[in-house]
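These notes are about the structure you will find just below.
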Amino acid sequence: MVYKKSNSKYWFTKFQVSFADKVKRVHCSTKETVKSRAEHFEHRLRDETLAMLMRNSQEVGSWNEALTLYLESRQTNKTIDEKVKKLTWWSQYLADIPLTEINSKLILTTLVKKTDVTLATKNRYLAEIKGFLNFIHKELEWIDRVPHLRTHKEREKSFYKLTETDSARLIDCAPAFLQPIIIFALATGFRASNIIGLKWTHVDLEHQTLKVDADSHKSGSSVLIPMNNIVFELLSSLHNSKNSVFVFLNYDNSRIKDLNRRIWARTTKAAGLDGLRFHDLRHNWASRHAESGTDLLAIKELGGWKTLEMVQRYTHPSLSYLSQQANNIVKEKNDAFVTKSGCDKKSSHFVEVNGVMIEKDKAQKWKNLIVFRKLSGSNNGASTRDRTRDTRIFNPKLEIKAKH
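According to full-length UniProt numbering, the residues represented by the sequence shown are 1 to 404, in order.
Have a look at this one:
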């Protein structure tokens, strides 16, 4: 039933719901001031409470059972290995705890045990368990709700902008097998996984195109990308030189499964670019395209992004480029903005009227307007006392002219 308290404008509800051997008592404010709306709120709350009791009365599986079902349903996910890794870590602390007892406090206190990792990594672990619990809640319906888990705000990663000299030095300092990979990355903006997984069947030298299959592309869509001259010459020189399936091979002509971090670190250090990430090459590729005038839509297609927002995250114009763009509104040297203080008082095209430089052909009209206002006492509704003239009220429009 709904009722009112003498000291409150809101209606309150108080009821009891039972199912099987479970009973739930509810007593709360409806936050409604109209009785009919309060009764509607109470009916909805009754239904929700009963549904909760019915779900809770069902047999709830264990963490390990839920985990098996979850991973089976996510086998086609590209990040399945990462999911297994992160949820295996959570399992060592939460697997023996009933799912209905896992709450925000328990999760956050457990995460504290994940030491020697960055804030970004902790956020990824939080996101993974949240996705897992969402699966349990929405698909298995074993828990009523998902604990509220707020990720921490991450600082934006710094970006290493390369000059042409930096790029050349990086290539020179790299081992022989890594040099063509760096050149290809700088010329195409391909991700590391797409470069080392590139097969000759994806390369069409006749039509000068590259294909990335949907199952290996981050966007989940197949992409066909035209080669530029650098890429065409590079792949032509590598074509069938090793008689292999993959385009880029390791130093011993074996397949590259992953870029060796130690080799990359030694290369960047030798080039004086310590801290440069391989993925920064993709950022540099996008930035050079933007600075060269490539429109954002073309960069989006060439980079295989789904949205222009992603393109904006990857393009970082240099200060020298922005300086050039800042001068786009500056025309020839003899052009200038004509203002009250900046016009040439010696110019034969202007005369001074009441302290303002006016074009000669408008000067008489200006003088007549001033005389008329003095004779008529018109002041546009303003006070009759002396005040600083507001040139916006009755000045003829000053136009931008070239100085002569």
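In this text, a Cβ means the ideal position worked out from N, Cα and C, and glycines have one as well. Source: prediction; values computed, not measured.
Beta-bridge pairing of residue i - partner residues as DSSP gives them
i    : result
R255 : L249
W11  : K4
K114 : Its beta-bridge partners do not exist; DSSP assigns none.
D204 : T209
C28  : T13
L224 : K211
K199 : F246
Residue i, DSSP secondary structure in three states
i    : result
R262 : helix
K345 : At K345, the pLDDT of 47 sits below 50, so the modelled position is not reliable and the matter cannot be decided from this model.
Q312 : helix
A20  : coil
I97  : coil
V84  : helix
I230 : helix
I102 : coil
I400 : The pLDDT assigned to I400 is 45, lower than 50, so where the model puts this residue is not dependable, and the model offers no usable value.
N77  : coil
K306 : coil
G189 : coil
G61  : coil
P180 : helix
H43  : helix
S318 : coil
A271 : coil
T165 : helix
T109 : helix
T121 : helix
T33  : coil
A127 : helix
A174 : coil
Residue from the options with nearest C-alpha to residue i
i    : options                : result
L119 : E154, D144, V146       : E154
T30  : H40, V23, K22, D21     : H40
K83  : E128, W142, Q179       : E128
V23  : K5, R46, L234, S36     : R46
P317 : L273, W285, R37        : W285
I143 : I195, V203, A51        : A51
L198 : V247, Q179, Q92, T315  : V247
Q324 : L296, D295, E291       : E291
V26  : F19, V34, R37, E42     : E42
H279 : S193, K85, K5          : S193
S167 : K35, L281, R37, L308   : L281
N243 : V311, V223, W200       : W200
L234 : P147, A187, L322, R313 : A187
P147 : L99, F190, V117        : L99
I225 : V203, Q179, I97, V245  : V203
R62  : Q179, S6, D96, G131    : Note on residue identity: the sequence assigns Ser, not Arg, to residue 62. It is D96 whose Cα lies nearest to the Cα of S62.
Q179 : G293, E48, W264        : W264
L276 : L162, F190, I196, S236 : L162
R150 : F159, K122, K85        : K122
H239 : V223, L205, N250       : L205
I196 : S237, L249, K78, H289  : L249
G293 : I171, K306, Q92, Y321  : Y321
Q312 : H152, K78, S287, T115  : S287
Residue i beta carbon near the ligand GDP (any heavy atom closer than 7 Å)
i    : result
E128 : In the structure shown, the ligand GDP is absent, as is every other ligand, since no ligand is present at all.
Residue-level contact to chain C via CB, residue i, 8 Å cutoff
i    : result
H283 : No chain C is present in this structure, which holds just one protein chain.
Are three or more beta carbon pairs between the region 251-262 and the region 203-212 nearer than 8 Å? no
Sufficient close CB pairs (3 or more, under 8 Å) joining the region 105-113 to the region 8-15: no
Segment contact, 8 Å Cβ cut-off, at least three pairs: the region 261-270 with the region 283-300: no
Per the contact definition of three or more C-beta pairs closer than 8 Å, is the region 226-235 in contact with the region 174-193? yes
Any contact of the region 126-146 with the region 66-85, i.e. 3+ C-beta pairs under 8 Å? yes
Give, in chain order, every unbroken run of the alpha helix (DSSP H) that is at least 4 residues long and sits entirely within the region 135-161. none
What are the complete alpha helix (DSSP H) segments, minimum 4 residues, inside the region 273-302? 280-291
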